[in-house]
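Residue numbers (the working numbering), protein chains in the order written: chain A, 1372 to 1721; chain B, 1372 to 1721.
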């Protein structure tokens, strides 16, 4: 066995051509059986050996010598966490397409970590699914390469990285959603509009904020940076940050929350402060989760078609698994403002 | 090929002993390959042929001649529907155990039907999972037999049939929960207590109602049948049935909803009627879904440890797959009253 540091021979591999298992075995100084184990996600291989083999695959690519075995009739969803109704919508959307194609849906939840833990990808390789949908999760480059080198299609749903994705992806028109939400509040007469954002490193969250800013700018209403608070898409952030906003000398008359969870927190803070929604404070959410019809009052929110987005991602996986190129590499489904009872004109107080 | 009606030869099979594939093939008048396809859930077999073979397996049992292949590292959850946070709790609980055992979790949702559609069980047989957890779903006897004849363990979670289950099961102490919820309201001074139940054919729902009645009876408070309304565990039922209750000549001062969804509907109806919770109307729910902390006011509810129940079911599946007998055939985890802000003494109005 060759350790990673000793594997100078890696650089001797022929350039520009992917390697066969036999070539990888020779270069790594291990048996063909060992390379085959790594390729198939078996875990009974020493970590250092696995690293050397993965490094060779990463650098040179790996060429199957026989036609690959048919993948298992599984489609995998990997989520950073399964806490709210967001995940339910995604699972149901994937299930709709999976049923048509007689695929079973595997759901992996990463305990709140955005990067799947060690072991997750090996298990996926061993299962040889038809494809993987990564929801709001950061797969590492290594993990993505491990999937692609084995010919397992990966589609990103609601991705949070750069817009130019190496992998096909499905998103929603987040910027438009932020614009529409804020225009609605401006049309009602609001000028002091608070914003509770999602995490700053998440592009969908930035896009919603930028849409808000564009609406303010186009309406010639100055945007007060004090009114923008950075949240983490949790109910507790909506509560905490709305408390902050309401303590301002000139508090907002409306709040645009970047997801429905945060909007629930805004409701909570309003109740605490004895403010009525929408009479004293208007609220707009984002996502349109099933629960929002039932809040008191029902929430005005930007509908993100999560169910359809998940179904579109599943369709892409199926196409890729058949060797087809999806019609589009990047699909953005439209968001839509759903006006319910949580928005009204500002009161005299505002 | 022999059709089901012609298959008189079925009755000629040796009694009291399970059949080999070869014996089944002979009795059914089909090839061994065909029987093997049926056993393994392949669908390229004429429906009538499949029926004859399944009937033979059902009557006589099927005896593997070689040691069965290792099952796939999958654990399947089948739910009647994935609509609310209930499903999330179950998936997370199973995932906790699945991760330990490096099993992937397959989630099948049955589009609201309580009986899996045609085709579901064949897909499961083809996947050969380590086991199946049926959540609040009625598998048909045929489907259950198809699983057990292939040695695929089945565990029922929150089962809705008779208490004496053919299969191992995990539940919660529903009767105790109903008793505790109502005792809490009685202790606060309520005498007119409305109940919104779950469906009448669901035992967990009956048990909650019976617990309520026992508490009333033990306290010497007459139970008014008019105050009991039959719901279907949906938010909309809570709303509609509370409207009915509030229209009564002598309306209740408190409502015990048989799940948290219905309790949300009670909140909605109270808001409509201009009643404050808990000042004018007390509300107790059942389940303690994550959302209930965030209702306004936070909901007093009976905690059903769904996460732990699902984990216990998964542990049972793993034990059964190892050929072990689970320590208990039926486990009921304790429910617990969580007092929050939705309950108080009745106002003078009541």
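Glycine residues also receive a C-beta, built at the ideal position from the N, C-alpha and C atoms.
Legend entry - Residue span of the beta strand (DSSP E) that contains residue 1418 of chain B, given as start and end: Walking along the second chain from the start, residue 1418 of chain B turns up at place 47. Counting along the chain, residue 1418 of chain B falls outside any beta strand (DSSP E), though it belongs to the alpha helix (DSSP H) covering 1418-1431.
Inset, instruction - State buried or exposed for residue 1394 of chain B, treating a residue as buried only when at least 16 other CB atoms are found within 10 Å of its CB. - result: The residue you call residue 1394 of chain B lines up with position 23 of the second chain. Answer is buried; the Cβ neighbour count reaches 16.
Legend entry - Cα-Cα separation, residue 1606 of chain B to residue 1405 of chain B: Stepping through the second chain from its first residue, residue 1606 of chain B is reached at position 235. Stepping through the second chain from its first residue, residue 1405 of chain B is reached at position 34. C-alpha separation (whole angstroms): 48 Å.
Inset, instruction - Name the residue from A/1638, A/1491 and A/1476 whose alpha carbon lies nearest to the alpha carbon of residue 1514 of chain A. - result: Translated into the one-based positions of the first chain, residue 1514 of chain A becomes position 143. Closest option to residue 1514 of chain A, Cα to Cα, is A/1491.
Inset, instruction - Tell me whether residue 1710 of chain A is buried or exposed, calling it buried when 16 or more other Cβ atoms sit within 10 Å of its Cβ. - result: In the first chain, the residue the question calls residue 1710 of chain A occupies position 339. Residue 1710 of chain A should be labelled exposed.
Inset, instruction - Return no unless some Cβ of chain B is closer than 9 Å to the Cβ of residue 1645 of chain A. - result: Within the first chain, numbered from 1, the residue matching residue 1645 of chain A stands at position 274. Contact of residue 1645 of chain A with chain B is not assigned, every C-beta pair being separated by 9 Å or more.
Legend entry - Distance, residue 1407 of chain A Cα to residue 1434 of chain A Cα: As a first step, residue 1434 of chain A must be located in the first chain, where it is residue number 63. As a first step, residue 1407 of chain A must be located in the first chain, where it is residue number 36. Straight-line Cα distance between these residues: approximately 12 Å.
Inset, instruction - Consider the Cβ of residue 1504 of chain A: report whether some Cβ of chain B lies at a distance smaller than 9 Å. - result: In the first chain, the residue the question calls residue 1504 of chain A occupies position 133. Taking Cβ atoms only, chain B never reaches closer than 9 Å to residue 1504 of chain A, which makes this a no.
Inset, instruction - Report the residue from A/1700, A/1429, A/1698 and A/1507 whose alpha carbon sits nearest the alpha carbon of residue 1451 of chain A. - result: Here residue 1451 of chain A refers to the residue found at position 80 when the first chain is read from its first residue. If we check each option's Cα against that of residue 1451 of chain A, A/1507 comes out closest.
Legend entry - Nearest residue (CA-CA) to residue 1420 of chain B, options B/1410, B/1447, B/1401 and B/1429: Stepping through the second chain from its first residue, residue 1420 of chain B is reached at position 49. It is B/1401 whose Cα lies nearest to the Cα of residue 1420 of chain B.
Legend entry - C-beta neighbour in chain B for residue 1476 of chain A, strict 9 Å: Against the first chain, residue 1476 of chain A aligns to sequence position 105. Residue 1476 of chain A counts as touching chain B.
Inset, instruction - Would you list the residues sitting across from residue 1658 of chain A in a DSSP beta bridge? - result: Residue numbering aside, residue 1658 of chain A sits at position 287 when the first chain is read from its first letter. When DSSP reads this structure, residue 1658 of chain A sits in a beta bridge with A/1674.
Legend entry - Test item: CB-CB of residue 1729 of chain A and residue 1569 of chain A under 9 Å: Past the edges of chain A, shown from 1372 to 1721, lies residue 1729 of chain A, and the structure says nothing about it.
Legend entry - Residues that residue 1480 of chain B contacts on chain A, provided the C-beta gap is smaller than 8 Å: Along the second chain, one-based indexing puts residue 1480 of chain B at 109. Per Cβ cutoff of 8 Å: 1462, 1463 and 1466.
Legend entry - Straight-line gap, residue 1409 of chain B to residue 1518 of chain B (C-alpha atoms, nearest Å): Taking the second chain and counting its residues from 1, the one referred to as residue 1409 of chain B is at position 38. Taking the second chain and counting its residues from 1, the one referred to as residue 1518 of chain B is at position 147. Each residue's Cα considered, the two are about 12 Å apart.
Legend entry - Residues of the stretch 1597-1629 of chain A with Cβ closer than 8 Å to any Cβ of chain B, in chain order: 1606
Inset, instruction - For the beta strand (DSSP E) containing residue 1569 of chain B, list its first residue and its last residue. - result: In the second chain, counting from the first residue as 1, residue 1569 of chain B sits at position 198. Neither: residue 1569 of chain B is in no beta strand (DSSP E) and is coded neither H nor E.
Legend entry - Other residues of its chain near residue 1686 of chain A: CB distance less than 7 Å, five sequence neighbours each side excluded: What you label residue 1686 of chain A is simply residue 315 of the first chain in a count that begins at 1. These residues qualify, in order along the chain: 1468.
Legend entry - Contact list for residue 1458 of chain A against chain B, beta-carbon separation under 7 Å: Along the first chain, one-based indexing puts residue 1458 of chain A at 87. Within chain B, the residues near residue 1458 of chain A are 1459.
Legend entry - Element boundaries [beta strand (DSSP E), containing residue 1600 of chain A]: In the first chain, residue 1600 of chain A corresponds to position 229, counting from 1. Segment 1599-1601, the beta strand (DSSP E) holding residue 1600 of chain A.
Legend entry - the stretch 1657-1672 of chain A contacting the stretch 1633-1647 of chain B, beta-carbon criterion three pairs below 8 Å: yes
Legend entry - Residue range of the unbroken alpha helix (DSSP H) whose run includes residue 1520 of chain B: Position 149 of the second chain holds residue 1520 of chain B. It spans 1512-1520 - the alpha helix (DSSP H) in which residue 1520 of chain B sits, taken as one unbroken run.
Inset, instruction - Say yes only if the C-beta of residue 1678 of chain B is nearer than 8 Å to one or more non-hydrogen atoms of the ligand ATP, and no if none qualify. - result: The model depicted lacks the ligand ATP and carries no ligand whatsoever.
Legend entry - N-terminal and C-terminal residue of the beta strand (DSSP E) that residue 1592 of chain A is part of: Here residue 1592 of chain A is taken as the residue at index 221 of the first chain, counted from 1. For residue 1592 of chain A, there is no enclosing beta strand (DSSP E), as DSSP marks it with neither H nor E.
Inset, instruction - Measuring only between beta-carbons, confirm whether residue 1680 of chain A sits less than 9 Å from chain B. - result: The sequence position of residue 1680 of chain A within the first chain is 309, counting from 1. Not one chain B Cβ lies under 9 Å of residue 1680 of chain A.
Inset, instruction - Please report the residue range of the beta strand (DSSP E) in which residue 1501 of chain B lies. - result: Along the second chain, one-based indexing puts residue 1501 of chain B at 130. Run containing residue 1501 of chain B: 1500-1506, per the beta strand (DSSP E) assignment.
Legend entry - alpha helix (DSSP H) segment containing residue 1407 of chain B, residue limits: On the second chain, position 36 is the one that residue 1407 of chain B refers to. Looking at the DSSP string, the run of the alpha helix (DSSP H) that includes residue 1407 of chain B is 1403-1410.
Inset, instruction - Please report how far the alpha carbon of residue 1481 of chain B lies from the alpha carbon of residue 1505 of chain B, in whole angstroms. - result: Taking the second chain and counting its residues from 1, one reaches residue 1481 of chain B at position 110. Taking the second chain and counting its residues from 1, one reaches residue 1505 of chain B at position 134. Straight-line Cα distance between these residues: approximately 11 Å.
Inset, instruction - Look up residue 1542 of chain A in the DSSP assignment and give the residues it is bridged to. - result: Residue numbering aside, residue 1542 of chain A sits at position 171 when the first chain is read from its first letter. DSSP lists A/1703 as partners of residue 1542 of chain A.
Legend entry - Classification of residue 1589 of chain B by the beta-carbon crowding that lies within 10 angstroms, buried from 16 upward: Taking the second chain and counting its residues from 1, the one referred to as residue 1589 of chain B is at position 218. Exposed, by the Cβ-count rule.
Inset, instruction - Tell me whether residue 1374 of chain B is buried or exposed, calling it buried when 16 or more other Cβ atoms sit within 10 Å of its Cβ. - result: Residue mapping note: residue 1374 of chain B aligns to position 3 of the second chain, counting from 1. Any reading at residue 1374 of chain B must be qualified, since the residue scores a pLDDT of 44, below 50, and its modelled position is unreliable; the value itself is stated next. Per the 10 Å Cβ criterion, exposed.
Inset, instruction - Within its chain, find whatever has a CB closer than 7 Å to the CB of residue 1442 of chain B; leave out the 5 residues flanking it on each side and keep chain order. - result: If you number the second chain from 1, residue 1442 of chain B lands on position 71. The answer, listed in chain order, is 1499, 1500, 1501 and 1692.
Legend entry - 8 Å contact criterion, which residue 1571 of chain A and residue 1579 of chain A should meet: CB distance rounded: By 1-based counting over the first chain, the position of residue 1571 of chain A is 200. By 1-based counting over the first chain, the position of residue 1579 of chain A is 208. So it is not a contact: roughly 12 Å between Cβ atoms.
Legend entry - Complete runs of the beta strand (DSSP E) confined to the stretch 1450-1491 of chain B [at least 3 residues]: 1475-1480
Legend entry - residue 1646 of chain A versus residue 1561 of chain B - alpha carbon distance: Along the first chain, read from residue 1 onward, the residue named residue 1646 of chain A stands at position 275. Along the second chain, read from residue 1 onward, the residue named residue 1561 of chain B stands at position 190. Between the alpha carbons of residue 1646 of chain A and residue 1561 of chain B lies a distance of about 30 Å.
Inset, instruction - Mark residue 1593 of chain B as exposed unless 16 or more other C-beta atoms lie within 10 angstroms of its C-beta, in which case mark it buried. - result: Counting from 1 along the second chain, the entry for residue 1593 of chain B is found at position 222. Exposed is the call here.
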